[in-house]
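Everything on this sheet refers to the single structure shown next.
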Amino acid sequence: MSWKKALIPLACVPLIILLAYGFRTDPKAIPSPLVEKAAPGFRIAVYDGDNLSLEGLKGKPVVLNFWASWCYPACYEEAPLLEATWRKYKERGLMMVGVGIQDKEANAREFMRRFNFTFPNGPDPGSKISIDYGVYGVPETFFIDRQGRIAYKHVGALSPDVIEEQVRAILKEK
Amino acid sequence: MALVCASLLTPLTILAAAPSPPKAEAGSSSPDTDERVRDVASELRCVVCQNLSVADSPSDLAKEMRDLIRELLQQGKTREEIKAYFVSRYGEFVLLEPPKRGFNLLVWGLPFAALLVGACGVYLAAKRWTRRGHQAAPPPDPAYAERVRRELKERGGSSGS
Chain A
1 MSWKKALIPL ACVPLIILLA YGFRTDPKAI PSPLVEKAAP GFRIAVYDGD
51 NLSLEGLKGK PVVLNFWASW CYPACYEEAP LLEATWRKYK ERGLMMVGVG
101 IQDKEANARE FMRRFNFTFP NGPDPGSKIS IDYGVYGVPE TFFIDRQGRI
151 AYKHVGALSP DVIEEQVRAI LKEK
Chain B
1001 MALVCASLLT PLTILAAAPS PPKAEAGSSS PDTDERVRDV ASELRCVVCQ
1051 NLSVADSPSD LAKEMRDLIR ELLQQGKTRE EIKAYFVSRY GEFVLLEPPK
1101 RGFNLLVWGL PFAALLVGAC GVYLAAKRWT RRGHQAAPPP DPAYAERVRR
1151 ELKERGGSSG S
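Residue numbers (this note's numbering), protein chains in the order written: chain A, 1 to 174; chain B, 1001 to 1161.
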């Protein structure tokens, strides 16, 4: 085969590599530019509670979870895990905050009651906090360390291993 | 509220990705501001849709993004500052047109490079074909030429008699 004839299959190689790369990547896995950066400040009006701000939680490791009562099944799967982790680690200084997205108050309250949420949760009118955290779906969870830096972002329902590992990591940092 | 489940492997529910009935935009102001909101929103990708801009998407999140753009414009932020804000939150993915720098230059340059290579190929091929058409015919086989000459002569002789 002359070098000219070999050019045609050779020209296809980069195209095949590009296609292989494209098909193997998940278009929904969007890397967050916020990871390892300072967590954007927020203020939330907690259901049946006072206003809560990230500024006020300075020095505490924070798990910030975005959920919705209409997010089924993922939010329903991880909700008991969130509550159990909160109960397990709150004495060690962990803070957990839930942000209900695009929800009706009655539905959000029913969701919290169903899973016996005892950690502070509040709505996000105008999706201001969600946009500030680059949230595009629910559930999404941010693990914020004691320095107020986003150490890790998880998209989708949390697994027991992931939440345990990430909570331990942000608790450890002094 | 309509739901869309992204996939079974990553059970992430996309925020109100399905269209909801269009609602009046909060804080609608002058037509000039509406036009500027549309301008900026048309350059941003709706993060819960497939290939729709924030300007064109009927989703709740896109509507809230438009409200935020309006608010930022009213605070005196420029188009570039607002785009930079969204990029700092969602990454460059949020821009409908990738910025013309670094690796992205490939996306912008490759179609033109391919066009150029194609045009060169067509030019070279056309040149070769025309050259072949103009080439002088090869000299005839002497034996064959002699036979043609003889037969013509014979035919000429017979038709003349």
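Even for Gly, the Cβ is constructed at its ideal location relative to N, Cα and C. No experiment lies behind these values; they were computed from the predicted model shown.
Short Cβ contact (9 Å threshold) for residue i with residue j
{"i": "Leu81 of chain A", "j": "Ile163 of chain A", "result": "yes"}
{"i": "Pro33 of chain A", "j": "Gly1091 of chain B", "result": "yes"}
{"i": "Leu171 of chain A", "j": "Tyr89 of chain A", "result": "yes"}
{"i": "Ile44 of chain A", "j": "Asp132 of chain A", "result": "no"}
{"i": "Val13 of chain A", "j": "Val62 of chain A", "result": "no"}
{"i": "Arg1089 of chain B", "j": "Gly134 of chain A", "result": "yes"}
{"i": "Leu1044 of chain B", "j": "Phe1086 of chain B", "result": "yes"}
Interface flag, residue i vs chain B, CB-CB below 9 Å
{"i": "Asp132 of chain A", "result": "yes"}
{"i": "Gly148 of chain A", "result": "no"}
{"i": "Lys90 of chain A", "result": "no"}
{"i": "Val102 of chain A", "result": "The residue you asked about is not Val; residue 102 of chain A is Gln in the sequence shown. Closer than 9 Å: yes."}
{"i": "Gly93 of chain A", "result": "no"}
{"i": "Gly98 of chain A", "result": "no"}
{"i": "Ser32 of chain A", "result": "yes"}
Residue i at chain A interface by Cβ criterion, 9 Å
{"i": "Phe1103 of chain B", "result": "no"}
{"i": "Leu1061 of chain B", "result": "yes"}
{"i": "Tyr1144 of chain B", "result": "no"}
{"i": "Gly1160 of chain B", "result": "In this prediction, Gly1160 of chain B has a pLDDT of 47, which is less than 50 and means its spatial position is unreliable; what the coordinates show is noted afterwards. No, Gly1160 of chain B does not count as interfacial toward chain A."}
{"i": "Val1087 of chain B", "result": "yes"}
{"i": "Glu1064 of chain B", "result": "yes"}
{"i": "Tyr1123 of chain B", "result": "no"}
{"i": "Asp1067 of chain B", "result": "yes"}
{"i": "Gly1091 of chain B", "result": "yes"}
{"i": "Val1040 of chain B", "result": "no"}
{"i": "Val1107 of chain B", "result": "no"}
{"i": "Ala1026 of chain B", "result": "Low per-residue confidence applies at Ala1026 of chain B: pLDDT is 49, beneath 50, and the placement is therefore not dependable enough to give any value."}
{"i": "Pro1019 of chain B", "result": "Interpretation of Pro1019 of chain B is limited by its pLDDT of 41, a score under 50 that renders its predicted location unreliable; the figure taken from the coordinates is listed afterwards. No, no contact with chain A."}
{"i": "Val1048 of chain B", "result": "yes"}
Residue of the options minimising C-alpha distance to residue i
{"i": "Leu196 of chain A", "options": "A:Tyr47, A:Phe42, A:Asp48 and A:Val46", "result": "Chain A is shown only over 1 to 174; residue 196 of chain A falls outside these bounds and no answer can be derived."}
{"i": "Val1040 of chain B", "options": "B:Leu1073, B:Cys1049 and B:Gln1050", "result": "B:Leu1073"}
{"i": "Phe117 of chain A", "options": "A:Asp145, A:Tyr76 and A:Pro40", "result": "A:Tyr76"}
{"i": "His154 of chain A", "options": "A:Ile17, A:Lys5 and A:Glu78", "result": "A:Glu78"}
{"i": "Phe111 of chain A", "options": "A:Val135, A:Trp67, A:Asp48 and A:Gly93", "result": "A:Trp67"}
{"i": "Lys1047 of chain B", "options": "B:Thr1130, B:Val1094, B:Glu1081 and B:Val1148", "result": "The question names Lys, yet the displayed sequence has Val at residue 1047 of chain B. The shortest Cα separation from Val1047 of chain B among B:Thr1130, B:Val1094, B:Glu1081 and B:Val1148 belongs to B:Val1094."}
{"i": "Asp145 of chain A", "options": "A:Lys37, A:Ile17, A:Trp86 and A:Pro9", "result": "A:Lys37"}
{"i": "Ala157 of chain A", "options": "A:Lys58, A:Asp48, A:Glu105 and A:Phe142", "result": "A:Phe142"}
{"i": "Glu83 of chain A", "options": "A:Asn107, A:Arg113, A:Pro31 and A:Lys60", "result": "A:Arg113"}
{"i": "Trp86 of chain A", "options": "A:Trp3, A:Ser2 and A:Arg168", "result": "A:Arg168"}
Cβ-Cβ separation, residue j to residue i (assumed contact under 8 Å), whole Å
{"i": "Ala1055 of chain B", "j": "Arg1038 of chain B", "result": "5 Å"}
{"i": "Ser1053 of chain B", "j": "Leu1096 of chain B", "result": "6 Å"}
{"i": "Val46 of chain A", "j": "Gly122 of chain A", "result": "5 Å"}
Check: residue i C-beta below 8 Å from any heavy atom of the ligand FAD
{"i": "Lys128 of chain A", "result": "Although the ligand FAD was asked about, the structure shown includes no ligands whatsoever."}
Hey, is the stretch 1067–1085 of chain B in contact with the stretch 122–134 of chain A, meaning 3+ C-beta pairs nearer than 8 Å?
yes
Does the stretch 87–101 of chain A come close enough to the stretch 67–79 of chain A to have 3 or more Cβ pairs within less than 8 Å?
yes
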